[in-house]
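S.K.: First residue of the sequence shown: 200, per the working numbering; consecutive thereafter.
Before we start, here is the structure in question, set down as structure tokens.
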Amino acid sequence: MKNISARTAIAVPAALCLALGGALFTAGAANAAPVPLPVFTVTTPAPGASAVPSLPDTTDVVDFAGTGAITGDTLAVSYNDGADSPVLAATVANYAVASGNWNADVTFPGLAAGTKHVSATVQEINADGTTVDASFPVTFDFAVAPSAGLAKVTTDVTATTVDDASDTGIAVSGTGFAANEPITLVVGTGTKVVTPTTAPTATADANGDYTTQLVLPADAPGGDYSVSVAGTTSVRVATADFAVLGDPGITAPTAGAKLTGKSVTFSGTATPGSEVLVILDTTADFNSQLGGSTASASRMMSAAKADSNVVEPKATDPTGTFLPVGASGTWTVTASGLPADDYTFIVVSQVDDGTGSAAVNENGDPLITIGGPVEFTLAAPAAAIVPASTGGTQTLAFTGSQDAVPATIGGGLLLLVGAGLMVVARRRRARFDA
């Protein structure tokens, strides 16, 4: 039996209906007007629309929508690609119809994003294969998608400290994304994802550029970080790397420890890939360096900036050797030949800028973090009867596995020590103010 569409059925003469079921109608119904057919229209894309969004921007799929369609009918969409005859883009069956509103996704093969003045014709085909007399022409332009591989992300620093990253944050800038698209940021170190305290989203401007401030939590671990930036519409992804330096930890000696002997082993933790230096002095001399304020430390830093060794203190200063911190994040070094006294020490941590030099901050000062100060007492070992000695000089030597040498205060280390003392002075002042 021939399939009759809803439109054909509606057009059947009313007299035939009366003949088949006259008991249901009064005699006057024979002259009733036929039910009007719904008017088929296309509302999306709007005629003459520019920058029609494809699904997504990088494909040739366009969302069509309109009114007046009947369930079971088919849409035929053709377009003019410059040839003599139109090209059939698609016939869409089983498209969504709700209360007469219809929606269908149509692929335009051979038309790339950015194609101008696409002339398409939409026709409705009844279920019996006949074409509805009216057709609906639509002319539109495809949205211009960004060219592949142009997305780029940069940060305003290559290295920073946990304190700075959790306070002022890190400026992240990107280019080459789709206009006005949402941007998502994922931050992590190694295999650990770190959730920033600021919302990890941004929105590109009309040129596909954006800038946002990335603030890390105060308990973020130190390490090599990567920020991955993704455009949710263009599906573009770009990354930038930076280092975050945490405060070195001290496990031994502990504060107030009372030790005996002439050797002391120092150990602790630090950011993997960083370098640490233990600076030891008698408590009396250490406190005199502080002078109750940061004035002496500031003078030390001013003097150190004039020193030619300040740019590469670890490479050119013969008075101290930084110990590299491995993947385990631990360090240890031993000082021997120490006389009995009260001692104070700090641990300075720095990170390489990738060129063999110590990374510096925006002021040109070394990018360092400080552990300590820690005070302990060293008592002389029990006296032993030994042969008479001819005498000699006593030296302070670090005998760690890295063959470290004495970390005396002088030369290029002035800058690091001065910066360290300023940090220590601020911490002490904050403790007393509290």
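Heads up, the beta-carbon is just placed ideally off N, CA and C, and yes, glycines get one too.
None of these values were measured; they are calculated from a predicted model.
What's the gap between the Cα of Gly445 and the Cα of Glu474?
M.R.: Taking the sequence shown and counting its residues from 1, one reaches residue 445 at position 246. Taking the sequence shown and counting its residues from 1, one reaches residue 474 at position 275. Approximately 11 Å between the Cα atoms of the pair.
S.K.: Could you tell me which residues DSSP puts in a beta bridge with Asn486?
M.R.: Residue numbering aside, residue 486 sits at position 287 when the sequence shown is read from its first letter. None, per the DSSP bridge assignment.
S.K.: How far does the beta strand (DSSP E) with Asp423 in it reach, from first residue to last?
M.R.: By one-based count along the sequence shown, residue 423 stands at place 224. Note, Asp423: beta strand (DSSP E), Gly422 to Gly430.
S.K.: May I have the straight-line CA-CA distance separating Thr459 from Glu574, to the nearest angstrom?
M.R.: Position 260 of the sequence shown, counting from 1, holds the residue named residue 459. Position 375 of the sequence shown, counting from 1, holds the residue named residue 574. Going from the Cα of Thr459 to the Cα of Glu574 covers about 14 Å.
S.K.: If you measure from the beta carbon of Leu522 to each beta carbon in chain C, is any gap under 7 Å?
M.R.: Protein chain content of the structure displayed is limited to a single chain, and chain C is not contained in it.
S.K.: Which residue from Val392, Thr242, Ile382 and Lys461 puts its Cα closest to that of Val321?
M.R.: On the sequence shown, position 122 is the one that residue 321 refers to. Closest option to Val321, Cα to Cα, is Thr242.
S.K.: Measuring alpha carbon to alpha carbon, tell me which residue in Ala429, Ala326, Val443 and Thr432 is nearest Ala558.
M.R.: Working through the sequence shown from its first residue, we reach residue 558 at position 359. The option with the nearest alpha carbon to Ala558 is Val443.
S.K.: Hey, how far is the Cα of Thr374 from the Cα of Gly472?
M.R.: Translated into the one-based positions of the sequence shown, residue 374 becomes position 175. Translated into the one-based positions of the sequence shown, residue 472 becomes position 273. So the alpha carbons of these two residues sit roughly 30 Å apart.
S.K.: Going by beta-carbon coordinates alone, are Phe144 and Thr400 separated by less than 7 Å?
M.R.: This structure gives no information on residue 144, because the portion of the chain shown stretches from 200 to 633.
S.K.: Going by the beta-carbon positions, is the gap between Leu274 and Ala303 smaller than 7 Å?
M.R.: Here residue 274 refers to the residue found at position 75 when the sequence shown is read from its first residue. Here residue 303 refers to the residue found at position 104 when the sequence shown is read from its first residue. Remark: C-beta atoms of Leu274 and Ala303 approach each other more closely than 7 Å.
S.K.: I need the straight-line Cα distance from Val426 to Ile545, nearest angstrom please.
M.R.: In the sequence shown, the residue the question calls residue 426 occupies position 227. In the sequence shown, the residue the question calls residue 545 occupies position 346. Distance between the alpha carbons of Val426 and Ile545 is about 32 Å.
S.K.: Which word fits Gly422, buried or exposed, when buried means at least 16 other C-beta atoms lie within 10 angstroms of its C-beta?
M.R.: Position 223 of the sequence shown holds residue 422. With 16 or more Cβ atoms within 10 Å of its Cβ, Gly422 is classed as buried.
S.K.: Could you spell out the range, first to last residue, of the beta strand (DSSP E) harbouring Ala456?
M.R.: On the sequence shown, residue 456 is found 257 positions in, with the first residue counted as 1. Ala456 to Thr459 is the span of the beta strand (DSSP E), which, as asked, contains Ala456.
S.K.: What I want to know is whether the C-beta of Gly571 ends up closer than 6 Å to one or more non-hydrogen atoms of the ligand GTP.
M.R.: In terms of ligand content, the structure shown is empty, and the ligand GTP therefore cannot be addressed.
S.K.: Please classify Ser487 as buried or exposed, where buried requires at least 16 neighbouring CB atoms within 10 angstroms.
M.R.: The residue given as residue 487 occupies position 288 in the sequence shown. Exposed is the call here.
S.K.: Hey, how far is the Cα of Ala419 from the Cα of Lys461?
M.R.: For the purposes of this step, residue 419 is identified with residue 220 of the sequence shown, where counting begins at 1. For the purposes of this step, residue 461 is identified with residue 262 of the sequence shown, where counting begins at 1. Going from the Cα of Ala419 to the Cα of Lys461 covers about 38 Å.
S.K.: According to DSSP, is Ala268 part of a helix, a strand, or is it coil?
M.R.: Numbered from its first residue, the sequence shown carries residue 268 at position 69. Residue state, collapsed to three classes: coil.
S.K.: Residues in its own chain within less than 6 Å of Thr410 by CB, not counting five upstream and five downstream?
M.R.: For this step, residue 410 is matched to residue 211 along the sequence shown. Here the set comprises Ser372.
S.K.: Which whole-angstrom value is the C-beta distance of Val463 and Ala534, which I expect to be below 8 Å?
M.R.: In the sequence shown, residue 463 corresponds to position 264, counting from 1. In the sequence shown, residue 534 corresponds to position 335, counting from 1. About 5 Å separates the two Cβ atoms, so the contact holds.
S.K.: If contacts are defined as beta-carbon pairs under 8 Å, then Ala449 and Gly467 qualify, I think. What distance do you get, rounded to the angstrom?
M.R.: As a first step, residue 449 must be located in the sequence shown, where it is residue number 250. As a first step, residue 467 must be located in the sequence shown, where it is residue number 268. Reading off the sequence shown, one finds Ile at residue 449, where the question assumed Ala. About 4 Å; that satisfies the 8 Å criterion.
S.K.: Consult DSSP for Val546 and reduce its assignment to one of helix, strand or coil.
M.R.: As a working note, residue 546 is residue 347 in the sequence shown. Here Val546 sits in strand by DSSP.
S.K.: Can you round the beta-carbon distance between Val550 and Ala358 to whole angstroms, since I take them to be within the 8 Å contact cut?
M.R.: Taking the sequence shown and counting its residues from 1, the one referred to as residue 550 is at position 351. Taking the sequence shown and counting its residues from 1, the one referred to as residue 358 is at position 159. With a Cβ gap of about 5 Å, Val550 and Ala358 count as contacting.
S.K.: Between which two residues does the alpha helix (DSSP H) containing Ala439 stretch?
M.R.: Working through the sequence shown from its first residue, we reach residue 439 at position 240. Careful: Ala439 lies outside any alpha helix (DSSP H), inside the beta strand (DSSP E) at Val436 to Leu444.
S.K.: Assign Ala483 to buried or exposed, taking buried as 16 or more other Cβ atoms, counted over all protein chains shown, within 10 Å of its Cβ.
M.R.: In the sequence shown, the residue the question calls residue 483 occupies position 284. Ala483 should be labelled exposed.
S.K.: Under 8 Å by Cβ, that's how I've got Val356 and Ile369 pegged, so tell me the actual separation to the nearest angstrom.
M.R.: Locating residue 356 in the sequence shown gives position 157, where the first residue counts as 1. Locating residue 369 in the sequence shown gives position 170, where the first residue counts as 1. Indeed they touch by this definition, with Cβ atoms about 6 Å apart.
S.K.: Using 7 Å as the threshold, is the C-beta distance between Thr354 and Ala439 below it?
M.R.: Residue mapping note: residue 354 aligns to position 155 of the sequence shown, counting from 1. Residue mapping note: residue 439 aligns to position 240 of the sequence shown, counting from 1. In this structure, Ala439 lies closer than 7 Å to Thr354 by Cβ.
S.K.: Applying the 10 Å Cβ sphere with the 16-neighbour rule, what's the burial state of Val260?
M.R.: By 1-based counting over the sequence shown, the position of residue 260 is 61. Val260 is exposed by the Cβ-count criterion.
S.K.: My output table needs one value for Asp262: the three-state DSSP class, helix, strand or coil.
M.R.: Taking the first residue of the sequence shown as 1, we reach residue 262 at position 63. Note: Asp262 maps to strand in three-state DSSP.
S.K.: When you compare each of Asn379, Phe465 and Ala539 to Thr529 by their alpha carbons, which one comes out closest?
M.R.: In the sequence shown, the residue the question calls residue 529 occupies position 330. When only C-alpha atoms are compared, the closest one is Phe465.
S.K.: Considering only C-alpha positions, which residue in the set Trp301, Gly271, Asp366 and Phe376 is nearest to Gly328?
M.R.: Position 129 of the sequence shown holds residue 328. Out of Trp301, Gly271, Asp366 and Phe376, Gly271 has the C-alpha closest to the C-alpha of Gly328.
S.K.: Taking buried to mean at least 16 other C-beta atoms within 10 Å of its own C-beta, is Thr383 buried or exposed?
M.R.: As a working mapping, residue 383 is identified with position 184 in the sequence shown. Flag for Thr383 reads exposed.
S.K.: Just curious, the alpha helix (DSSP H) that Val573 is in, first and last residue?
M.R.: Locating residue 573 in the sequence shown gives position 374, where the first residue counts as 1. Val573 -> not in any alpha helix (DSSP H); beta strand (DSSP E) instead, spanning Ile567 to Ala578.
S.K.: Have a look at Ala245, Thr388, Ile269 and Asn379 and flag the residue whose alpha-carbon is nearest the alpha-carbon of Val238.
M.R.: Counting from one through the sequence shown, the residue named residue 238 turns up at place 39. Of Ala245, Thr388, Ile269 and Asn379, the smallest CA-CA separation from Val238 is found for Ile269.
S.K.: Per DSSP, which one or two residues make a beta bridge with Asp541?
M.R.: By 1-based counting over the sequence shown, the position of residue 541 is 342. Note: Asp541 sits in a beta bridge opposite Thr576.
S.K.: According to DSSP, is Ala398 helix, strand or coil?
M.R.: As a working note, residue 398 is residue 199 in the sequence shown. Correct three-state label for Ala398: coil.
S.K.: If you draw a straight line from the C-alpha of Ala319 to the C-alpha of Ala264, how long is it?
M.R.: Here residue 319 refers to the residue found at position 120 when the sequence shown is read from its first residue. Here residue 264 refers to the residue found at position 65 when the sequence shown is read from its first residue. Going from the Cα of Ala319 to the Cα of Ala264 covers about 13 Å.
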